[in-house]
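Report on the following structure.
Number of protein chains: 2
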Amino acid sequence: MQYTFASRMEKTPRSFIREILKVTQRPEIISFAGGLPNPALFPVKELAETAEKVIVEEGTAALQYATTEGHPPLREWIAERYKKRLGLEISPDEILITNGSQQCLDLIGKIFINKDSVVALERPGYLGAIQAFSMYEPKFSTISLTSEGPDIHELGQVLDKDKPCFFYGVPNSQNPSGITWSRENRKAVAERLERAETVFVEDDAYGELKFRGEQMPSMKELIPELTVMTGSFSKIIAPGMRMGWICAPTPILEQAVTVKQGTDLHSNILSQRIISRFLANYPVDAHIARISAAYESQCDCMLSAIQSEFPEGVSYTRPDGGMFIWATLPKGYSSMELFDRAIKKDVAILPGLPFYTDGGGSDTVRLNFSNSTPERIEEGISRLGQVLREYLKETPELHAA
Amino acid sequence: MQYTFASRMEKTPRSFIREILKVTQRPEIISFAGGLPNPALFPVKELAETAEKVIVEEGTAALQYATTEGHPPLREWIAERYKKRLGLEISPDEILITNGSQQCLDLIGKIFINKDSVVALERPGYLGAIQAFSMYEPKFSTISLTSEGPDIHELGQVLDKDKPCFFYGVPNSQNPSGITWSRENRKAVAERLERAETVFVEDDAYGELKFRGEQMPSMKELIPELTVMTGSFSKIIAPGMRMGWICAPTPILEQAVTVKQGTDLHSNILSQRIISRFLANYPVDAHIARISAAYESQCDCMLSAIQSEFPEGVSYTRPDGGMFIWATLPKGYSSMELFDRAIKKDVAILPGLPFYTDGGGSDTVRLNFSNSTPERIEEGISRLGQVLREYLKETPELHAA
Chain C
1 MQYTFASRME
11 KTPRSFIREI
21 LKVTQRPEII
31 SFAGGLPNPA
41 LFPVKELAET
51 AEKVIVEEGT
61 AALQYATTEG
71 HPPLREWIAE
81 RYKKRLGLEI
91 SPDEILITNG
101 SQQCLDLIGK
111 IFINKDSVVA
121 LERPGYLGAI
131 QAFSMYEPKF
141 STISLTSEGP
151 DIHELGQVLD
161 KDKPCFFYGV
171 PNSQNPSGIT
181 WSRENRKAVA
191 ERLERAETVF
201 VEDDAYGELK
211 FRGEQMPSMK
221 ELIPELTVMT
231 GSFSKIIAPG
241 MRMGWICAPT
251 PILEQAVTVK
261 QGTDLHSNIL
271 SQRIISRFLA
281 NYPVDAHIAR
291 ISAAYESQCD
301 CMLSAIQSEF
311 PEGVSYTRPD
321 GGMFIWATLP
331 KGYSSMELFD
341 RAIKKDVAIL
351 PGLPFYTDGG
361 GSDTVRLNFS
371 NSTPERIEEG
381 ISRLGQVLRE
391 YLKETPELHA
401 A
Chain W
1001 MQYTFASRME
1011 KTPRSFIREI
1021 LKVTQRPEII
1031 SFAGGLPNPA
1041 LFPVKELAET
1051 AEKVIVEEGT
1061 AALQYATTEG
1071 HPPLREWIAE
1081 RYKKRLGLEI
1091 SPDEILITNG
1101 SQQCLDLIGK
1111 IFINKDSVVA
1121 LERPGYLGAI
1131 QAFSMYEPKF
1141 STISLTSEGP
1151 DIHELGQVLD
1161 KDKPCFFYGV
1171 PNSQNPSGIT
1181 WSRENRKAVA
1191 ERLERAETVF
1201 VEDDAYGELK
1211 FRGEQMPSMK
1221 ELIPELTVMT
1231 GSFSKIIAPG
1241 MRMGWICAPT
1251 PILEQAVTVK
1261 QGTDLHSNIL
1271 SQRIISRFLA
1281 NYPVDAHIAR
1291 ISAAYESQCD
1301 CMLSAIQSEF
1311 PEGVSYTRPD
1321 GGMFIWATLP
1331 KGYSSMELFD
1341 RAIKKDVAIL
1351 PGLPFYTDGG
1361 GSDTVRLNFS
1371 NSTPERIEEG
1381 ISRLGQVLRE
1391 YLKETPELHA
1401 A
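One line per chain: the protein sequences are C and W, in this order.
The opening position of the first sequence corresponds to residue 1 in my numbering, with each subsequent residue numbered one higher.
The opening position of the second sequence corresponds to residue 1001 in my numbering, with each subsequent residue numbered one higher.
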């Protein structure tokens, strides 16, 4: 039987990461390819207690249909957290609970993207966003990500010429690059967006996982009326319950509620209540501090292993938070080739190609440090260093070119 | 600030039901407007025990990212249930776990609908489907629903002329009408669809809640390669966890997995594991039988109250399952006017208009019987009968016309 699918299906390739992760799931493989939080830091005991209590004490309300917007106490906690952490004045009414922050991207795509609309992205940009937005058949215009944040000149050109329906970015410890936008860069981006009256989608999945450096102002602080924030409990509690949120100015939030309702009515109310009660009853700051400290030490372990094991010519970022280091091979070398060579030594990396919408990035590599012990990190980076040295040695003409 | 939204937002009105339900939530109101299952039948104690056990015993696996397709034992249970209940041979690989069956409709829309594609629906058709599909900007062609099922002549015309990308229907105890398609009607529909090679989306939300009459063959049995089934745990366990599934031939299921991944990665794995363990450890057939028996008695209570209280000229369906009775006023009378009159007597009904995509149905009413006690049903229908008699008496010219 031949089925006829919508044209968007041609533009929505099955996830590259997904296919690669299948190869890397053999237990003997040391994998830096994935993007999983460290499960040893999940508050398992606390969540088990909380789950039972929620059902016993909140009864049928935790199991019945619920409002699309989400559980009010959870929306209040999120608004208060924005106040405490970033000094933002957010009303709980500006929060919509979603199925993880991935669903925020889908809902935002639905609200804003017409076929052939332009969406502006960082280059490299977050793969999950590229996948979500692609379903609405936009064109992508990308803005080079420097060590300070998006290139301001390129941003100006894209805003003037392409009139994007929004600019999507991850200002804190970006996935995949680990780069955090500088204070000056944020101000310059905000000014350009304000002038062009263009919406910014601020994906803040990693803001709570900042383990060094000063707290930067949120784009929401700089251009509140133009900023839609997305947030997630995946990195600070656990991802399996798929709980995130959109925070947006009221006219945008109303549209998000409308499409959320048509999409799946509302998010899992049992899990909303479990998370809400967990946040109310346990010391969350201490819990998040423990995760950040663990990731800092895993990151530093990987950075120091890279420094001693990687050959000259391979550059890499030094993240201030999040879960990823981003490496760039010498010009002409291929991260797909590196993947093939590394997997033979039972180490997995993620080639950076899928983070580019223009076919670029063939020399880039994403390395995840959050889901490996220091021992595995040292062993894996040591093997990877050896693979890299051999690759560079065997094909010196590339290096010289 | 003026925001520019995608064109689909103009076609996705905020739910009519949602707005009406706001008016009807005052506790003194007897509401037949909603569509909630009876929470007194939720297995609260069993789910509380199960939730704690799942987290304690399955640990981080219940909280970490999981596969898009869903929890394998849950997919196996669903496949086995199809075998047991409907005699269908389904592989667990043909099942994708979703956020309630509402998300099935969104994913199916994404997979099949291009802007201006034709989607064929029953008339009246399920409002949630109209909302989900509308986001992909189709045109709707509707097929009158007779007491036997869709009008076969109209179906033939729509298939020939409009070439719909699929036909969506609810063959068992439909929402809103309560109608179950007859055996002959199913065969005729299947034959027409097969001839036109058109996909059928079989929404089976109420199949387990059949409380009388013979079991009908699933459309999946008649045209397996052309049928995509949607299912839900909302009516047989509880809706708050938002758990449903798509069952589709492999080429379609693969597309569904791809879009599900971009949409929200995967469904809540904690709730998948809770439901899976609940199904394995408790007598599910007895539980479902208890729900069906309760709904049968609530339905019969409403039918008998209607028979004694409603004036002549108001017709209504006699469901064999599900949660709704569908009434039609005498020609020329308006269910919006009836809503306004009834709410003054603290009774809420749902006007049938939003179940029509062509502006029709102004004389139709949906009455929910699953979420009211027999006492409330009798009192509510008695008040409604009085309101109806007054309405018909005050405007006899309509009745005569």
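A virtual CB, placed ideally from N, CA and C, is assigned to each residue, including glycine.
Remember, predicted model here, so these are calculated numbers, not experimental data.
Reduced DSSP secondary structure (H/G/I, E/B, other) of residue i
{"i": "ALA348 (chain C)", "result": "strand"}
{"i": "LYS1139 (chain W)", "result": "strand"}
{"i": "VAL1119 (chain W)", "result": "strand"}
{"i": "LYS1210 (chain W)", "result": "strand"}
{"i": "ASN368 (chain C)", "result": "strand"}
{"i": "GLU254 (chain C)", "result": "helix"}
{"i": "LEU1265 (chain W)", "result": "coil"}
{"i": "ASP1203 (chain W)", "result": "strand"}
{"i": "MET1009 (chain W)", "result": "helix"}
{"i": "GLN219 (chain C)", "result": "Residue 219 (chain C) is actually Met in this sequence, not Gln. Here MET219 (chain C) sits in helix by DSSP."}
{"i": "GLY361 (chain C)", "result": "coil"}
Under 9 Å between C-beta atoms of residue i and residue j
{"i": "ALA120 (chain C)", "j": "ILE90 (chain C)", "result": "no"}
{"i": "PRO251 (chain C)", "j": "PRO176 (chain C)", "result": "no"}
{"i": "ALA205 (chain C)", "j": "PHE42 (chain C)", "result": "no"}
{"i": "ALA188 (chain C)", "j": "ILE223 (chain C)", "result": "no"}
{"i": "ILE55 (chain C)", "j": "ALA62 (chain C)", "result": "yes"}
{"i": "ASN1268 (chain W)", "j": "ARG1242 (chain W)", "result": "yes"}
{"i": "PRO37 (chain C)", "j": "LYS235 (chain C)", "result": "yes"}
{"i": "ILE1377 (chain W)", "j": "MET1302 (chain W)", "result": "yes"}
{"i": "ILE97 (chain C)", "j": "GLN272 (chain C)", "result": "yes"}
{"i": "GLY1385 (chain W)", "j": "ARG1366 (chain W)", "result": "no"}
{"i": "ASP358 (chain C)", "j": "PHE140 (chain C)", "result": "yes"}
{"i": "MET1001 (chain W)", "j": "LEU226 (chain C)", "result": "yes"}
{"i": "ASN371 (chain C)", "j": "ARG1008 (chain W)", "result": "no"}
{"i": "VAL314 (chain C)", "j": "ALA342 (chain C)", "result": "no"}
{"i": "VAL1118 (chain W)", "j": "PRO1092 (chain W)", "result": "no"}
{"i": "GLN1215 (chain W)", "j": "PHE5 (chain C)", "result": "no"}
{"i": "LEU270 (chain C)", "j": "PRO330 (chain C)", "result": "no"}
{"i": "SER1304 (chain W)", "j": "LEU1209 (chain W)", "result": "no"}
{"i": "PHE355 (chain C)", "j": "ILE325 (chain C)", "result": "no"}
{"i": "SER147 (chain C)", "j": "LYS11 (chain C)", "result": "no"}
Alpha-carbon spacing of residue i relative to residue j, whole angstroms
{"i": "LEU1105 (chain W)", "j": "ALA1327 (chain W)", "result": "26 Å"}
{"i": "ALA196 (chain C)", "j": "GLN1174 (chain W)", "result": "50 Å"}
{"i": "PRO1150 (chain W)", "j": "SER1308 (chain W)", "result": "30 Å"}
{"i": "GLY1262 (chain W)", "j": "PHE112 (chain C)", "result": "16 Å"}
{"i": "THR1258 (chain W)", "j": "VAL1347 (chain W)", "result": "45 Å"}
{"i": "GLU1375 (chain W)", "j": "TYR1333 (chain W)", "result": "28 Å"}
{"i": "GLY1109 (chain W)", "j": "PRO311 (chain C)", "result": "50 Å"}
{"i": "ARG85 (chain C)", "j": "GLU296 (chain C)", "result": "19 Å"}
{"i": "ASP1285 (chain W)", "j": "LEU253 (chain C)", "result": "42 Å"}
{"i": "TRP77 (chain C)", "j": "GLY178 (chain C)", "result": "27 Å"}
{"i": "ARG1183 (chain W)", "j": "MET1219 (chain W)", "result": "10 Å"}
{"i": "ASN99 (chain C)", "j": "GLY156 (chain C)", "result": "33 Å"}
{"i": "THR1060 (chain W)", "j": "GLU194 (chain C)", "result": "44 Å"}
{"i": "PHE339 (chain C)", "j": "LYS22 (chain C)", "result": "14 Å"}
{"i": "GLN102 (chain C)", "j": "GLY128 (chain C)", "result": "7 Å"}
{"i": "VAL1170 (chain W)", "j": "GLU1122 (chain W)", "result": "8 Å"}
{"i": "GLU394 (chain C)", "j": "LYS45 (chain C)", "result": "51 Å"}
{"i": "LEU1074 (chain W)", "j": "LEU145 (chain C)", "result": "43 Å"}
{"i": "GLU19 (chain C)", "j": "GLN25 (chain C)", "result": "11 Å"}
{"i": "GLY87 (chain C)", "j": "HIS287 (chain C)", "result": "21 Å"}
{"i": "MET1229 (chain W)", "j": "VAL228 (chain C)", "result": "36 Å"}
{"i": "GLU397 (chain C)", "j": "PRO217 (chain C)", "result": "46 Å"}
Interface residues of chain A facing residue i [CB-CB closer than 7 Å]
{"i": "PHE1042 (chain W)", "result": "Within the model displayed, chain A is absent; protein chains C and W are what it includes."}
Quick check on the DSSP output: what are the complete alpha helix (DSSP H) runs of length 4 or more inside the segment 38-66 of chain C, in order along the chain? Entirely contained in the segment 38-66 of chain C, the alpha helix (DSSP H) runs reaching 4 residues are, in chain order, 44-58.
Check whether the segment 1242-1249 of chain W and the segment 1038-1056 of chain W touch, using three or more Cβ-Cβ pairs below 8 Å as the test. They do not touch, by the three-pair rule.
Using 8 Å as the cut-off, can you tell me whether the segment 1164-1172 of chain W makes contact with the segment 1199-1209 of chain W, which would need three or more C-beta pairs spanning the two stretches below that distance? yes
In chain order, each beta strand (DSSP E) run of at least 3 residues that lies wholly inside the segment 277-352 of chain C: 324-328
Any contact between the segment 21-32 of chain C and the segment 348-364 of chain C? By contact I mean 3 or more CB pairs, one from each, below 8 Å. Result yes; three or more Cβ-Cβ pairs closer than 8 Å.
Extract the residue ranges of the alpha helix (DSSP H) inside the segment 1126-1190 of chain W, only unbroken runs of 4 or more that lie entirely within it. 1127-1134, 1152-1162
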